[in-house]
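The sequence shown begins at 1 in the UniProt record's numbering and counts up by one.
Note that the Cβ used here is the ideal one computed from N, Cα and C, for glycine as well.
These numbers were taken from a predicted model, which means no experiment stands behind them.
The structure under discussion appears below in the form of structure tokens.
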Amino acid sequence: MLTELTIRDFAIIDYVSLTLKDGLTVLTGETGAGKSIIIDSIQLLTGARGSVEFVKHGAKRAEIEGLFNVDGNHSVYAKGEEYGVEIDEDGMVVLQRSITHQGKSICRVNGKLVTLGVLREFGKSLIDIHSQHETQSLMDPERHIDLLDTYAAEKLQHPKQEYRKQYEKYRSLQKRYQELSDNEQEMAQRLDLLEFQWNELEEAHLSPKEDEELMEERNKLSNFEKIYSGLNDTYEALYGEQKGMDWVSHAMMSLEATSDYDENYQKMSDELSNAYYVVEELTFRLSTEMEALEFDPERLNEIEERLDEINRLKRKYGQSVEEMLEHKSKVEEEIDEINNKDSFLSKLESEINDVSEDLLLEAQHIHDIRSEAAKELVEAVHEELKDLYLEKSVFDVKVEKRKGGKESPMMNGRQVALNSNGVDEVRFMITTNPGEPLKPLHKIASGGEMSRIMLALKQIFSRHQGITSVIFDEVDTGVSGRVAQAIAEKIFKISVNSQVLCISHLPQVAAMADTHVQIQKNITDNTTKTNAKELDHHEKVEEVARMISGAELTETTLQNGRELLNLAESFKAKV
Numbered sequence: 001m002l003t004e005l006t007i008r009d010f011a012i013i014d015y016v017s018l019t020l021k022d023g024l025t026v027l028t029g030e031t032g033a034g035k036s037i038i039i040d041s042i043q044l045l046t047g048a049r050g051s052v053e054f055v056k057h058g059a060k061r062a063e064i065e066g067l068f069n070v071d072g073n074h075s076v077y078a079k080g081e082e083y084g085v086e087i088d089e090d091g092m093v094v095l096q097r098s099i100t101h102q103g104k105s106i107c108r109v110n111g112k113l114v115t116l117g118v119l120r121e122f123g124k125s126l127i128d129i130h131s132q133h134e135t136q137s138l139m140d141p142e143r144h145i146d147l148l149d150t151y152a153a154e155k156l157q158h159p160k161q162e163y164r165k166q167y168e169k170y171r172s173l174q175k176r177y178q179e180l181s182d183n184e185q186e187m188a189q190r191l192d193l194l195e196f197q198w199n200e201l202e203e204a205h206l207s208p209k210e211d212e213e214l215m216e217e218r219n220k221l222s223n224f225e226k227i228y229s230g231l232n233d234t235y236e237a238l239y240g241e242q243k244g245m246d247w248v249s250h251a252m253m254s255l256e257a258t259s260d261y262d263e264n265y266q267k268m269s270d271e272l273s274n275a276y277y278v279v280e281e282l283t284f285r286l287s288t289e290m291e292a293l294e295f296d297p298e299r300l301n302e303i304e305e306r307l308d309e310i311n312r313l314k315r316k317y318g319q320s321v322e323e324m325l326e327h328k329s330k331v332e333e334e335i336d337e338i339n340n341k342d343s344f345l346s347k348l349e350s351e352i353n354d355v356s357e358d359l360l361l362e363a364q365h366i367h368d369i370r371s372e373a374a375k376e377l378v379e380a381v382h383e384e385l386k387d388l389y390l391e392k393s394v395f396d397v398k399v400e401k402r403k404g405g406k407e408s409p410m411m412n413g414r415q416v417a418l419n420s421n422g423v424d425e426v427r428f429m430i431t432t433n434p435g436e437p438l439k440p441l442h443k444i445a446s447g448g449e450m451s452r453i454m455l456a457l458k459q460i461f462s463r464h465q466g467i468t469s470v471i472f473d474e475v476d477t478g479v480s481g482r483v484a485q486a487i488a489e490k491i492f493k494i495s496v497n498s499q500v501l502c503i504s505h506l507p508q509v510a511a512m513a514d515t516h517v518q519i520q521k522n523i524t525d526n527t528t529k530t531n532a533k534e535l536d537h538h539e540k541v542e543e544v545a546r547m548i549s550g551a552e553l554t555e556t557t558l559q560n561g562r563e564l565l566n567l568a569e570s571f572k573a574k575v
């Protein structure tokens with residue numbers, strides 16, 4: 001959920017800091033007070049395109065910052081891993097956006113600079129914004145398949161994983177088949193390049209770990225004097241004039257003479273004896289190593305030349321000899337495929353057919369699950385629409401297989417188009433007037449009807465999407481009476497599963513608020529400022545009464561406000 005929102009020098013806002021709570025928060029105020037500006041700021045915070053016009057006159061930059069708290073299973077953690085943004089166990093996510101007076105936009109997630117596109121990805125996983133003119137995913141036909149899959153997520157999770165494994169394999173085989181089927185001239189040019197690479201690597205006579213071994217040998221030859229001096233000094237200290245071993249031998253015999261008097265001395269004597277023989281063995285090895293040391297400048301030159309050759313090949317074929325040998329092996333396989341193209345094409349075609357059969361079975365399974373889920377979703381939406389006085393509306397979810405081209409695989413006697421989501425095309429359809437045909441959801445004309453349909457869908461999807469915050473910007477415009485009450489009740493029900501921030505002119509919605517914030521516009525010294533104030537119960541009664549009757553408050557209007565608040569509390573207690 002969005003817990004803190006800070007806005008500085010944005011439009012007519014000097015500074016506003018909102019502490020937001022769980023449940024339903026309603027923002028009210030006179031037209032032009034700046035309610036929608038707050039929503040605009042949240043949209044910018046979640047990746048909407050900005051403009052220099054958002055920067056308050058005379059300010060250097062507009063700044064917006066939002067603090068979100070999420071649980072450990074939230075999808076934003078996957079976004080963090082994908083984009084290298086650290087999100088700690090406390091589940092705190094801070095989105096920051098600033099726009100300079102020169103139009104430059106700066107975006108951060110948990111302090112890390114990110115692109116606008118990355119900020120938008122985080123924003124989509126945290127906030128869902130709905131307005132009369134922008135209903136986002138629910139009204140986007142391209143997103144309907146994702147929404148249906150979210151609704152049926154539990155049943156679809158494993159089948160979709162299996163399908164995508166097969167789909168990636170299918171696409172890989174298709175790509176290879178296409179490459180081998182290209183025209184002869186391209187294949188001949190490719191073959192020349194591959195044969196050149198193979199010959200160059202073959203003539204290099206590379207062996208595994210050769211570069212590491214050569215570098216180790218070069219290091220020894222380049223530091224011959226230091227190595228010999230170190231070994232010789234060690235040997236001399238032990239067996240030379242410094243007589244290190246003689247002194248250790250003397251110490252060993254002295255300690256041995258006392259070993260009969262105490263068990264402790266016996267142990268120390270044994271330990272010293274063991275150490276003496278270990279060091280003695282080491283001196284013999286030092287002597288042998290020094291005798292074997294030989295500085296060979298010609299060998300050093302050979303190594304340098306060989307390493308130069310290997311490094312030249314590394315720039316073309318890999319970061320190590322192992323990678324270059326692996327590349328050579330792949331080149332050899334591809335040369336064989338091109339030289340025996342017909343047989344390989346036949347083999348690939350057979351593999352593609354086998355994989356496509358499995359893929360189509362998985363796609364059919366997913367189609368069946370979606371079709372069944374669509375029926376359940378239709379029933380659920382109709383129940384919600386009844387609550388919103390749209391009981392005569394007919395909603396439907398069309399799950400149809402996309403028609404494919406000539407090269408597409410066959411399913412149930414027809415060619416179908418496959419993608420990473422399967423074979424289906426999903427569309428939400430509706431008619432709000434009896435006798436009229438079903439039309440795509442996004443083509444519904446009436447704003448009031450669209451608001452109610454969107455709320456019905458949102459009530460269902462809010463339980464499945466995992467979005468932490470939902471924002472409604474005057475989605476109740478154009479409704480009144482019992483419909484207004486129904487919308488208020490539906491918005492509150494959505495807030496049971498998700499934090500909801502709602503801008504409204506309806507007293508019924510305001511009465512449902514768990515937190516009521518009044519947005520005020522003040523003019524001081526020819527400067528316009530917007531302020532936000534959380535209302536206490538008495539102030540809330542006055543604001544709801546004002547929304548019912550207008551600017552003038554009387555005892556009657558105040559009583560109406562109290563009654564509406566009491567009715568709202570009674571409803572909330574039952575939910």
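query	result
Assigned exposure category for residue 170 - 16 Cβ within 10 Å defines buried	buried
Beta-carbon proximity list for residue 378, same chain, < 7 Å, skipping 5 on both sides	395, 396 and 397
Secondary structure, alpha helix (DSSP H): runs of 4+ residues fully inside the region 48-105	76-83
C-alpha gap between residue 248 and residue 266, whole angstroms	17 Å
Pair within 8 Å by beta-carbon distance, residue 517 and residue 491	no
Span separating the alpha-carbon of residue 234 from that of residue 253	23 Å
Secondary structure of residue 422, DSSP reduced to three states	strand
Coarse secondary structure for residue 158, derived from DSSP in three states	helix
8 Å Cβ cutoff met for residue 300 and residue 221	yes
Range of the contiguous beta strand (DSSP E) that encloses residue 14	13-19
Beta-carbon proximity list for residue 513, same chain, < 7 Å, skipping 5 on both sides	24, 25 and 26
Meets three-Cβ-pair contact criterion under 8 Å: the region 107-124 and the region 69-86	yes
Run of the beta strand (DSSP E) containing residue 473, from where it starts to where it stops	469-473
Expected contact under 8 Å - CB spacing of residue 459 and residue 384 to nearest Å	5 Å
The region 53-64 in contact with the region 543-562 per 3-pair CB rule at 8 Å	no
For residue 295, three-class secondary structure by DSSP	coil
Span of the alpha helix (DSSP H), counted from its first residue to its last, around residue 118	116-126
The beta strand (DSSP E) enclosing residue 5, as first and last residue numbers	2-10
Residue 76 versus residue 124 - alpha carbon distance	9 Å
For residue 561 and residue 570, the rounded distance between their alpha carbons	14 Å
Residue 532 - DSSP class collapsed to helix/strand/coil	strand
Proximal residues to residue 105 (C-beta, below 8 Å), its chain only, five neighbours per side dropped	50, 97, 98, 99 and 116
Rounded separation between residue 483 and residue 74 - CA only	34 Å
Alpha carbon of residue 401 to alpha carbon of residue 14, nearest angstrom	53 Å
Residue from 30, 47, 18 and 103 whose Cα sits closest to the Cα of residue 55	103
Residue 129 vs residue 503 beta-carbon contact at 8 Å	no
Helix, strand or coil at residue 396 according to DSSP, with G and I counted as helix	strand
C-alpha gap between residue 133 and residue 35, whole angstroms	For residue 133, the pLDDT reaches just 49, beneath the cut-off of 50, and the residue's location in the model is therefore unreliable, leaving the point undetermined.
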